[in-house]
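Visitor: Residue 1691 in the numbering used here sits at position 294 of the sequence shown; the count goes up by one each step and never skips. If you scroll down you'll find the structure; I have some questions about it.
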Amino acid sequence: MAVKDIMDALKAESLEDLGIQANLAQLVKDIKLVGKELSVVVGVDRPELQSAVRDRLQKALLKSGEVDKVNVKFTTAPPPKEHTHAPQQAPMGQPAFTKRGVPGVRNIILVGSGKGGVGKSTVSANLALSLAKLGFKVGLLDADIYGPSIPTLFGIKGERVEVNEQNKIIPKEKFGIKVLSIGLMLPSEDTPVIWRGPMLMKALTQFMFDVEWGELDYLILDLPPGTGDVQLTLAQNVKIDGAIVVTTPQDVALADVRKATSMFKEVDIPIVGVVENMAYFVCPESQKKYYIFGKGKTAVFATTYGLRVLGSIPIDPEVAEKSDEGDPIVVSEPDSETARVFTAIAKVVAEEVH
Ligand SMILES: Nc1ncnc2c1ncn2[C@@H]1O[C@H](COP(=O)(O)OP(=O)(O)OP(=O)(O)O)[C@@H](O)[C@H]1O
Ligand SMILES: [Mg+2]
């Protein structure tokens, strides 16, 4: 059950018999669904009515059978301003958006590419961990809400986040960084996520702004593949400090990356540089490097677009294996060549974006 369905159910519950000229949905100031546990903040000014409203709410929600537990908190304050997305005056009839930074977060960095499966999530996770090793305070947000993989990479699949007294989501802490993913909130791993338009925007902005991130030097966002709704929603609503484009040195990948690069440029997001993943293979016996997909293609591509190659990561069977085990390579094999490349990339990123 999505939050939208819950709100629809609450709309049907009139409170007129309690002397409140509103339905239940109209009183909801904030709502969060984590697994089958729902946390709601309800605005009721008169304390004597709070328990009656709580009863109504719990009955209405538990009736659906989709929610196991309902936590109700009351407020008499108006909803916080940050939940509104009022567009600013738009020139020439174009929609304008208010780009917001996340309080306490110094730099927000996107990790994206046009193509699927090139290693965005692997790069996001290991870059975040490398920045943390350099001494920075780091958060990692899995913005791939359709196919979240960060919980697997961090070995926290099946865990659920909690919501604090202020109804803010508390990210999971693992390997010294703060991690949040839709995978840590869905009722089950098989729940399909089919958000579009306003719902998607609501979910994504909640992931950014309704979270107890605390003070962070870097918040890394692992994007889904492509140049679709998620990228656009973030670009329009969030103040992004830089984007990292991940590619493999294959023509098919580079063609898609070209699109992603153009998109970031169009929406005025500065591109920090390109990470070339699966660049070469080091033969374990001879230590010789084999450029399986060809050498130099990424450099040519980057030069054409005026971009910098931040680093080249080898094809490393340990990367895939450790990822599946929830033990990222920079943590499990910190002295490997792959981990060293990640550290070097993190240093460049920290120099470029600060
Ligand atoms: N350098 C590498 N060496 C070996 N395997 C790698 C490397 N980088 C990524 N992989 C593996 O390739 C697969 C895809 O990587 P990953 O999930 O990071 O890509 P993605 O771009 O995030 O994919 P998606 O588009 O589905 O989100 C994973 O199994 C991962 O472990
Ligand atoms: Mg991914």
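Every residue, glycine too, gets a C-beta built ideally from N, C-alpha and C.
Strictly under 7 Å for the Cβ-Cβ distance: is S1733 near chain D by that measure?
Guide: No chain D appears in the structure shown, which is made up of a single protein chain.
Visitor: Using a threshold of 6 Å, is the CB atom of S1729 nearer than that to any non-hydrogen atom of ligand 1?
Guide: Working through the sequence shown from its first residue, we reach residue 1729 at position 332. The answer is no for S1729.
Visitor: How close, in whole Å, do the beta carbons of K1433 and V1464 come, if the pair is a contact with beta carbons under 8 Å?
Guide: Here residue 1433 corresponds to residue number 36 of the sequence shown, with the count starting at 1. Here residue 1464 corresponds to residue number 67 of the sequence shown, with the count starting at 1. Yes, they are in contact, since the Cβ atoms of K1433 and V1464 sit about 6 Å apart, within 8 Å.
Visitor: Do I1712 and F1678 have their C-beta atoms within less than 7 Å of each other?
Guide: For the purposes of this step, residue 1712 is taken as residue 315 along the sequence shown, with counting starting at 1. For the purposes of this step, residue 1678 is taken as residue 281 along the sequence shown, with counting starting at 1. Result yes, Cβ atoms of I1712 and F1678 sit closer than 7 Å.
Visitor: Check the DSSP bridge columns for S1578 and list the partner residues they point to.
Guide: Taking the first residue of the sequence shown as 1, we reach residue 1578 at position 181. Partner(s): D1539.
Visitor: For V1738, is the classification buried or exposed, using 16 other Cβ atoms within 10 angstroms of its Cβ as the cut-off for buried?
Guide: Numbered from 1 along the sequence shown, position 341 holds the residue referred to as residue 1738. Burial call: buried.
Visitor: When you compare each of L1537, E1556, P1595, L1597 to G1580 by their alpha carbons, which one comes out closest?
Guide: By one-based count along the sequence shown, residue 1580 stands at place 183. Nearest option by C-alpha distance: E1556.
Visitor: Excluding the five sequence neighbours on either side, which residues of its own chain have a C-beta within less than 7 Å of the C-beta of P1545, listed in chain order?
Guide: Your numbering for residue 1545 matches position 148 in the sequence shown. Same-chain partners within the cutoff: D1539, S1578, I1579, G1580.
Visitor: Beta-carbon within less than 6 Å of K1575's beta-carbon, same chain only, minus the 5 sequence neighbours each way: which residues are those?
Guide: Here the question's residue 1575 lines up with position 178 in the sequence shown. Excluding positions up to five away in sequence, the list reads G1536, P1568.
Visitor: Residue range of the alpha helix (DSSP H) that T1519 falls in?
Guide: On the sequence shown, position 122 is the one that residue 1519 refers to. That run of the alpha helix (DSSP H) goes 1517–1530.
Visitor: Grouping DSSP H, G and I as helix and E and B as strand, with all else coil, what is V1716?
Guide: Sequence index remark: in the sequence shown, residue 1716 carries index 319 (1-based). In this structure, V1716 counts as helix in the three-state DSSP scheme.
Visitor: From which residue to which residue does the beta strand (DSSP E) around E1570 run?
Guide: Locating residue 1570 in the sequence shown gives position 173, where the first residue counts as 1. Start and end: 1569–1571.
Visitor: Got a sec: does ligand 1 put a non-hydrogen atom nearer than 6 Å to the Cβ of T1519?
Guide: On the sequence shown, position 122 is the one that residue 1519 refers to. Yes, since a heavy atom of ligand 1 falls inside the 6 Å radius drawn around the Cβ of T1519.
Visitor: Going by DSSP, name the residue or residues bridged to L1421.
Guide: Taking the sequence shown and counting its residues from 1, one reaches residue 1421 at position 24. BP columns for L1421 are empty, so no partner.
Visitor: Does ligand 2 have a heavy atom nearer than 6 Å to the CB of S1659?
Guide: Position 262 of the sequence shown, counting from 1, holds the residue named residue 1659. Every heavy atom of ligand 2 is 6 Å or more from the Cβ of S1659, so no.
Visitor: In the DSSP output, what is T1472 paired with across the bridge?
Guide: Indexing the sequence shown from 1 puts residue 1472 at position 75. Partner(s): G1440.
Visitor: Below 8 Å on the Cβ atoms is my guess for D1638 versus N1504; work out the distance and round it to an integer in Å.
Guide: Working through the sequence shown from its first residue, we reach residue 1638 at position 241. Working through the sequence shown from its first residue, we reach residue 1504 at position 107. About 4 Å; that satisfies the 8 Å criterion.
Visitor: Report the option in G1532, L1550, K1554 whose CA atom is closest to the CA atom of K1339.
Guide: Residue 1339 lies beyond the residue range present for the chain, which begins at 1398 and ends at 1751; the question has no answer from this structure.
Visitor: Is it right to say Q1628 is buried, meaning 16 or more other beta carbons lie within 10 angstroms of its own, or is it exposed?
Guide: To locate residue 1628, count along the sequence shown from 1; it is residue 231. So Q1628 counts as buried.
Visitor: Give the secondary structure of R1503 by DSSP, where H, G and I count as helix, E and B as strand, and everything else as coil.
Guide: On the sequence shown, residue 1503 is found 106 positions in, with the first residue counted as 1. Collapsing the DSSP output to three states places R1503 in a strand.
Visitor: Looking only at its own chain, which residues have a Cβ that is under 6 Å from the Cβ of K1686, when we skip the five neighbours before and after it?
Guide: Here residue 1686 refers to the residue found at position 289 when the sequence shown is read from its first residue. Answer for K1686: Y1677, V1679, listed in chain order.
Visitor: Within 10 angstroms of the Cβ of A1717, are there 16 or more other Cβ atoms? Answer buried if so, exposed if not.
Guide: The residue you call residue 1717 lines up with position 320 of the sequence shown. Its Cβ having fewer than 16 others within 10 Å, A1717 is exposed.
Visitor: Hey, is A1717 close to ligand 1, as in C-beta under 6 Å from one of its heavy atoms?
Guide: Within the sequence shown, residue 1717 is the residue found at index 320, counting from 1. Yes, ligand 1 has a heavy atom inside 6 Å of this Cβ.
Visitor: Taking its Cβ as the centre, do 16 or more other Cβ atoms sit within 10 Å of E1673, making it buried, or is it exposed?
Guide: The residue you call residue 1673 lines up with position 276 of the sequence shown. With 16 or more other Cβ atoms within 10 Å, it is buried.
Visitor: Using beta-carbon positions only, say whether G1754 and G1623 come within less than 7 Å of one another.
Guide: Residue 1754 lies beyond the range of the chain shown here (1398 to 1751); nothing can be said about it.
Visitor: Could you pull out every residue in the same chain whose Cβ sits closer than 7 Å to the Cβ of L1526, ignoring the five residues on either side in sequence?
Guide: Along the sequence shown, one-based indexing puts residue 1526 at 129. Excluding positions up to five away in sequence, the list reads F1572, I1574, P1725, V1727, V1728.
Visitor: Take G1691 and list the residues in its own chain whose beta-carbon comes closer than 7 Å to its own, dropping the five residues that flank it on each side.
Guide: Your numbering for residue 1691 matches position 294 in the sequence shown. P1646, listed in sequence order.
Visitor: My output table needs one value for E1722: the three-state DSSP class, helix, strand or coil.
Guide: Counting from 1 along the sequence shown, the entry for residue 1722 is found at position 325. If DSSP states are grouped into helix, strand and coil, E1722 belongs with coil.
Visitor: Is it a yes or a no for the region 1416–1426 touching the region 1438–1448, going by three-plus beta-carbon pairs under 8 Å?
Guide: Output reads yes: the region 1438–1448 touches the region 1416–1426.
Visitor: Measuring only the C-alpha atoms, how far is L1407 from D1452?
Guide: Residue numbering aside, residue 1407 sits at position 10 when the sequence shown is read from its first letter. Residue numbering aside, residue 1452 sits at position 55 when the sequence shown is read from its first letter. C-alpha separation (whole angstroms): 13 Å.
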